[in-house]
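Down below is the structure, laid out as structure tokens.
Number of protein chains: 2
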Amino acid sequence: MILNNGGVGYKIPSETELSVSFSASRMTARKAVDEIVNKGLLKRIPSVGTFVEEPPAQSSLLEIKNISKEISARGHRHKMTVLSKMTLIPNDSVAQSLSSFNSKVFKIVIIHFENDIPIQLEERYVNADLVPNFLEQDFSKITANEYLSSVHPLTDAEIVIEAIMPTNILKHNLEIDEKTPCIKVSRSTMSNGYTISHAILYYPSNRYKLTSSIHLTR
Amino acid sequence: MILNNGGVGYKIPSETELSVSFSASRMTARKAVDEIVNKGLLKRIPSVGTFVEEPPAQSSLLEIKNISKEISARGHRHKMTVLSKMTLIPNDSVAQSLSSFNSKVFKIVIIHFENDIPIQLEERYVNADLVPNFLEQDFSKITANEYLSSVHPLTDAEIVIEAIMPTNILKHNLEIDEKTPCIKVSRSTMSNGYTISHAILYYPSNRYKLTSSIHLTR
DNA sequence: AAGTGGTCTAGACCACCAG
DNA sequence: TGGTGGTCTAGACCACTTT
């Protein structure tokens, strides 16, 4: 391990020294350092050196939040209702996006309530090969997200946020009228290169706002 | 210009050919190609070649990012128009949220265009004591966010995302109809404990999606 | 003056894909 | 078999900061 000798602020050996230590060319040593710099864990200062940085506190702006804990943190009651559970052969685009080799996909639709008021409709597709026992979980006790991360620790995610007008299904289940726009969050979660799950989350904008804080520790 | 000979799908000259054309080493030519690949405008296929890609249709992020660079990364033109500039005494809630002790607040409203299509309306309040020269900047050359971070490095931020129906002002300036919802991003940026600026960003949802990627380095 | 990162060179070998 | 991208080498020069 290169960096174990020092924490934040530690100056790592120069590129020339690294290349000698590892019997590699300076270009190669530099490239290795480049990768760590790109992750934000090292910072170069020209003519001075390369230093260990505080890991970026905001790994992302929208952390994957646990809606159950989030609601309890507000002192409210969380309840969820499973609207449908099914196993399907991936044919549509959403299902295919997470099944490169498997033949089955689980789909589940859940409504989340805060004090008996619906605040999220969750439509989730799960890779059946990677999470074979998914549908058997008791989703009144554990959220889909919680279970998935316990089975496959999250390593990567991609999130897209849109504003949409509600479909009839959304109007009915979220108890809103046709003039209330919704936030649509599409989230793919990956673990070690495999796409575990694709979730589409709908929030009525009159009851729910996405929030996030960044705190850079410099 | 390297790529003017072909559109999407065009195979650019090999790295060896490029290095000859430009009288540079292959490493240098490769590095130049790397930058374009990183922008998503070129795609390498090992053993086959490097090809012109469709500019990523949607790519923005929730990180505090530079809309100008984001648009040019897509290979598009960015233009901004200042709708209004003013100095005001903080009386309304937005202004007061960032003025604990100062007596003046700058307000600026800007429309951002991508290829002459409006994609963001930016309404920004700036702490006049902390950034006294804000209004004098040439916002056709530097974005408000760029200037602010150059003066006061960002340390903290808070973000709230909502879906809203467009107001008349939004409809007019973003060139959308009353049925097109918008994403509203409210962002407070802080530097060393002081609130520098509060921005309200409106995006037409039919033209713009917020995206974010998480890559945990474990 | 010495050391640093930033950049570039002119080679080289490899695995892979094409015809 | 020849061309491609992927990687690496062992140098080199530069601008800049530090002492």
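Those protein sequences? They're chains R and X, same order as listed. The opening residue of the first sequence carries number 17 in my numbering; numbering runs sequentially from there. The opening residue of the second sequence carries number 17 in my numbering; numbering runs sequentially from there. Beta carbons are placed, not taken as given, at the ideal position from N, Cα and C, and that holds for glycine.
#1: Using the beta-carbon of each residue, which ones in chain X are nearer than 7 Å to R/S221?
#2: Put X/I135 into one of helix, strand or coil per three-state DSSP.
#3: Taking CB distances under 7 Å as the criterion, tell me whether X/S228 reaches chain R.
#4: Helix, strand or coil for R/H188? Go by DSSP, reduced to three states.
#5: Tell me whether the segment 153-166 of chain X and the segment 180-199 of chain X touch, counting them as touching only if at least three CB pairs, one residue from each stretch, are closer than 8 Å.
#6: Nearest-angstrom Cα distance between R/L190 and R/T171?
#7: According to DSSP, is R/I199 helix, strand or coil?
#8: Between the segment 181-199 of chain R and chain X, which residues of the former have CB atoms less than 9 Å from a CB of the latter, in chain order?
#9: Have a look at R/A144 and R/I135 and give me their C-alpha separation to the nearest angstrom.
#10: Kindly indicate which three-state DSSP category R/K123 falls into: helix, strand or coil?
#11: Any idea what DSSP makes of X/T159, helix, strand or coil?
#12: So what does DSSP say about R/M181, is it helix, strand or coil?
#13: Show which residues of chain X have a CB atom less than 7 Å away from the CB atom of R/I295.
#14: Grab me the residues of R/H168's own chain with a C-beta within less than 8 Å of its C-beta, minus the 5 sequence neighbours each way, in chain order.
#15: Would you call R/S204 buried or exposed, if buried means 16 or more other Cβ atoms sit within 10 Å of its Cβ?
#16: X/R93: buried (16+ other C-beta within 10 angstroms of its C-beta) or exposed?
#17: What's the call for R/H188, buried or exposed, on a 16-neighbour Cβ count within 10 Å?
#18: Decide if R/F150 is buried, meaning its Cβ has at least 16 other Cβ atoms within 10 Å, or exposed.
#19: So who's on the other strand from R/N143, going by DSSP bridges?
#20: Classify R/K195 as buried or exposed, calling it buried when 16 or more other Cβ atoms lie within 10 Å of its own Cβ.
#21: Tell me, to the nearest whole angstrom, how far the beta carbon of R/V49 is from that of R/L57; I am working on the premise that it is less than 8 Å.
#22: Pick out whichever of R/R46, R/F129, R/F122 has its Cα sitting closest to the Cα of R/S84.
#23: Taking a contact to mean a Cβ-Cβ separation below 7 Å, would you say X/T103 touches X/F122 in this structure?
#24: How about R/R140 and R/I124: are their beta carbons less than 7 Å apart?
#25: In or out: R/V142 buried (at least 16 other Cβ within 10 Å) or exposed?
#26: Measure from the alpha carbon of R/I87 to the alpha carbon of each residue in R/L217, R/S41, R/V36, R/N131, then state which is nearest.
#27: So the beta strand (DSSP E) R/V98 belongs to, where does it begin and stop?
#28: Would you grab the beta carbon distance between R/E31 and R/R42 for me? Rounded to a whole angstrom, and I think it's under 8 Å.
#29: What are the start and end residues of each continuous beta strand (DSSP E) run of 3 or more residues lying completely inside the segment 204-229 of chain X, in chain order?
#30: Quick check: the Cα distance between X/N222 and X/P29, rounded to an integer number of angstroms?
#31: Check the DSSP bridge columns for R/G65 and list the partner residues they point to.
#32: So, under 8 Å CB-CB, X/K95 and X/G65 are touching, yes? Tell me the CB distance rounded to an integer number of Å.
#33: Would you mind stating whether R/Y218 and R/L186 have Cβ atoms separated by less than 7 Å?
#34: For the alpha helix (DSSP H) that R/V49 lies in, which residues bound it at each end?
#35: From which residue to which residue does the alpha helix (DSSP H) around R/E33 run?
Reading off the structure:
#1: As a first step, residue 221 of chain R must be located in the first sequence, where it is residue number 205. Ordered by position in chain X, the residues that pass the 7 Å Cβ test against R/S221 are E178, A179, I180.
#2: Walking along the second sequence from the start, residue 135 of chain X turns up at place 119. Reduced to three states, the DSSP call for X/I135 is strand.
#3: Indexing the second sequence from 1 puts residue 228 of chain X at position 212. Taking Cβ atoms only, chain R reaches closer than 7 Å to X/S228, which makes this a yes.
#4: For this step, residue 188 of chain R is matched to residue 172 along the first sequence. Note: R/H188 maps to helix in three-state DSSP.
#5: no
#6: Position 174 of the first sequence holds residue 190 of chain R. Position 155 of the first sequence holds residue 171 of chain R. Straight-line Cα distance between these residues: approximately 31 Å.
#7: As a working note, residue 199 of chain R is residue 183 in the first sequence. Looking at R/I199 - three-state DSSP - the assignment turns out to be strand.
#8: M181, K195, T196, P197, C198, I199
#9: On the first sequence, position 128 is the one that residue 144 of chain R refers to. On the first sequence, position 119 is the one that residue 135 of chain R refers to. In a straight line, the C-alpha of R/A144 is about 27 Å away from that of R/I135.
#10: Here residue 123 of chain R refers to the residue found at position 107 when the first sequence is read from its first residue. It is a strand residue.
#11: The residue labelled residue 159 of chain X in the question sits at position 143 within the second sequence. Residue state, collapsed to three classes: coil.
#12: Along the first sequence, read from residue 1 onward, the residue named residue 181 of chain R stands at position 165. Note: R/M181 maps to coil in three-state DSSP.
#13: Given a span of 17 to 234 for chain R in the structure shown, any question on residue 295 of chain R remains unanswerable.
#14: In the first sequence, residue 168 of chain R corresponds to position 152, counting from 1. Excluding positions up to five away in sequence, the list reads L146, V147, S207, N208, Y210, I212.
#15: As a position in the first sequence, residue 204 of chain R is number 188, starting the count at 1. It is buried - the Cβ of R/S204 has at least 16 other Cβ atoms within 10 Å.
#16: Position 77 of the second sequence, counting from 1, holds the residue named residue 93 of chain X. Its Cβ having fewer than 16 others within 10 Å, X/R93 is exposed.
#17: Counting from 1 along the first sequence, the entry for residue 188 of chain R is found at position 172. With fewer than 16 Cβ atoms within 10 Å of its Cβ, R/H188 is classed as exposed.
#18: Along the first sequence, one-based indexing puts residue 150 of chain R at 134. Buried, because 16 or more other Cβ atoms sit within 10 Å of the Cβ of R/F150.
#19: The residue you call residue 143 of chain R lines up with position 127 of the first sequence. According to DSSP, which records beta bridges pairwise, R/N143 is partnered with R/V121.
#20: On the first sequence, residue 195 of chain R is found 179 positions in, with the first residue counted as 1. Classification for R/K195: exposed.
#21: Here the question's residue 49 of chain R lines up with position 33 in the first sequence. Here the question's residue 57 of chain R lines up with position 41 in the first sequence. With a Cβ gap of about 10 Å, R/V49 and R/L57 do not count as contacting.
#22: Within the first sequence, the letter at position 68 stands for residue 84 of chain R. Nearest C-alpha to R/S84: R/F129.
#23: Stepping through the second sequence from its first residue, residue 103 of chain X is reached at position 87. Stepping through the second sequence from its first residue, residue 122 of chain X is reached at position 106. Contact: yes.
#24: Position 124 of the first sequence, counted from the start, is the residue given in the question as residue 140 of chain R. Position 108 of the first sequence, counted from the start, is the residue given in the question as residue 124 of chain R. Contact: yes.
#25: Counting from 1 along the first sequence, the entry for residue 142 of chain R is found at position 126. Answer is buried; the Cβ neighbour count reaches 16.
#26: Position 71 of the first sequence, counted from the start, is the residue given in the question as residue 87 of chain R. Looking at the Cα atoms, R/N131 is the closest of the given residues.
#27: Taking the first sequence and counting its residues from 1, the one referred to as residue 98 of chain R is at position 82. R/V98 -> beta strand (DSSP E) spans 94-104.
#28: For the purposes of this step, residue 31 of chain R is taken as residue 15 along the first sequence, with counting starting at 1. For the purposes of this step, residue 42 of chain R is taken as residue 26 along the first sequence, with counting starting at 1. That belief holds up - the Cβ atoms of R/E31 and R/R42 are roughly 5 Å apart, short of 8 Å.
#29: 210-220
#30: In the second sequence, counting from the first residue as 1, residue 222 of chain X sits at position 206. In the second sequence, counting from the first residue as 1, residue 29 of chain X sits at position 13. Between X/N222 and X/P29, the C-alpha separation is close to 37 Å.
#31: The residue labelled residue 65 of chain R in the question sits at position 49 within the first sequence. Looking at the DSSP output, R/G65 bridges to R/I61.
#32: Against the second sequence, residue 95 of chain X aligns to sequence position 79. Against the second sequence, residue 65 of chain X aligns to sequence position 49. The pair is not a contact, with the Cβ atoms about 34 Å apart (cut-off 8 Å).
#33: Looking up residue 218 of chain R in the first sequence gives position 202. Looking up residue 186 of chain R in the first sequence gives position 170. Result yes, Cβ atoms of R/Y218 and R/L186 sit closer than 7 Å.
#34: Sequence index remark: in the first sequence, residue 49 of chain R carries index 33 (1-based). 42-54 is the span of the alpha helix (DSSP H), which, as asked, contains R/V49.
#35: Position 17 of the first sequence holds residue 33 of chain R. It spans 31-37 - the alpha helix (DSSP H) in which R/E33 sits, taken as one unbroken run.
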